[in-house]
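Visitor: Quick note: the sequence shown, position 73, residue 72 per our numbering, numbers continuous.
Beta carbons are placed, not taken as given, at the ideal position from N, Cα and C, and that holds for glycine.
Please read these numbers as outputs of a predicted model, since none were measured by experiment.
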Amino acid sequence: MTPTSAIEERLTQPFLDQPRPLIDEFGVLRHRGAWLSLTPVQESIMRCLIDHLGHAVSPKEIAAAAWPAGGPDLHAINVHLHRLRPRLKDLGLVVHTLRGRGFLLESPSG
């Protein structure tokens with residue numbers, strides 16, 4: 000099974016029984032009893048991904064959420080996600096890059 004097909008298979012499973020990550024008014028991401036503090040840009044990116052939990056989000060959509068007035072490109076998004084991924088792993092969250100389509104946040108069971 001390829002990594003992409005494994006992700007697609009997990010996406011067919013319902014997300015209703017999985018705990019949903021939450022971001023409070025102070026920019027603290029909480030999930031499964033753990034937390035991490037986010038920068039304002041990271042908070043915007045994560046809110047966008049959480050709103051679409053389990054579904055692909057285009058880079059344009061993430062950029063619009065993080066920089067409403069326009070600005071940074073795909074490279075900036077990649078840099079922010081690169082820095083976030085190891086920290087998200089500690090919370091049981093994974094951000095996948097869907098080549099040519101965008102990004103997908105999931106909360107694998109376990």
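With a threshold of 16 other CB atoms inside 10 Å of the CB of residue 33, please say whether the residue is buried or exposed.
Guide: Numbered from its first residue, the sequence shown carries residue 33 at position 34. Burial call: exposed.
Visitor: Check the DSSP bridge columns for residue 36 and list the partner residues they point to.
Guide: In the sequence shown, counting from the first residue as 1, residue 36 sits at position 37. 27, per the DSSP bridge assignment.
Visitor: Is it right to say residue 73 is buried, meaning 16 or more other beta carbons lie within 10 angstroms of its own, or is it exposed?
Guide: Taking the sequence shown and counting its residues from 1, the one referred to as residue 73 is at position 74. Residue 73 should be labelled exposed.
Visitor: So, for residue 62: in the same chain, excluding its five sequence neighbours on each side, which residues have a beta-carbon less than 7 Å away from its beta-carbon?
Guide: To locate residue 62, count along the sequence shown from 1; it is residue 63. Cβ within range, chain order: 71, 76.
Visitor: Take residue 85 as the anchor and find which of 21, 60, 35 has the nearest alpha-carbon.
Guide: Position 86 of the sequence shown, counting from 1, holds the residue named residue 85. It is 35.
Visitor: Which residues does DSSP list as the beta-bridge partners of residue 103?
Guide: Counted from its first residue, the sequence shown places residue 103 at position 104. Residue 103 is bridged to 95.
Visitor: For residue 40 versus residue 79, is the C-beta spacing smaller than 9 Å?
Guide: Looking up residue 40 in the sequence shown gives position 41. Looking up residue 79 in the sequence shown gives position 80. Contact: yes.
Visitor: With DSSP collapsed to three states, give me the class of residue 21.
Guide: Working through the sequence shown from its first residue, we reach residue 21 at position 22. Here residue 21 sits in strand by DSSP.
Visitor: Determine the closest residue to residue 96 out of 24, 25, 53, with distance taken between C-alpha atoms.
Guide: Position 97 of the sequence shown, counting from 1, holds the residue named residue 96. When only C-alpha atoms are compared, the closest one is 53.
Visitor: Compare the Cα-Cα distances from residue 49 to each of 66, 29, 81 and report the closest residue.
Guide: For the purposes of this step, residue 49 is taken as the residue at position 50 of the sequence shown. Of the listed residues, the one whose Cα sits closest to residue 49 is 29.
Visitor: Which partner residues of residue 78 appear in the DSSP bridge assignment?
Guide: Translated into the one-based positions of the sequence shown, residue 78 becomes position 79. Answer is none; residue 78 lacks a bridge partner.
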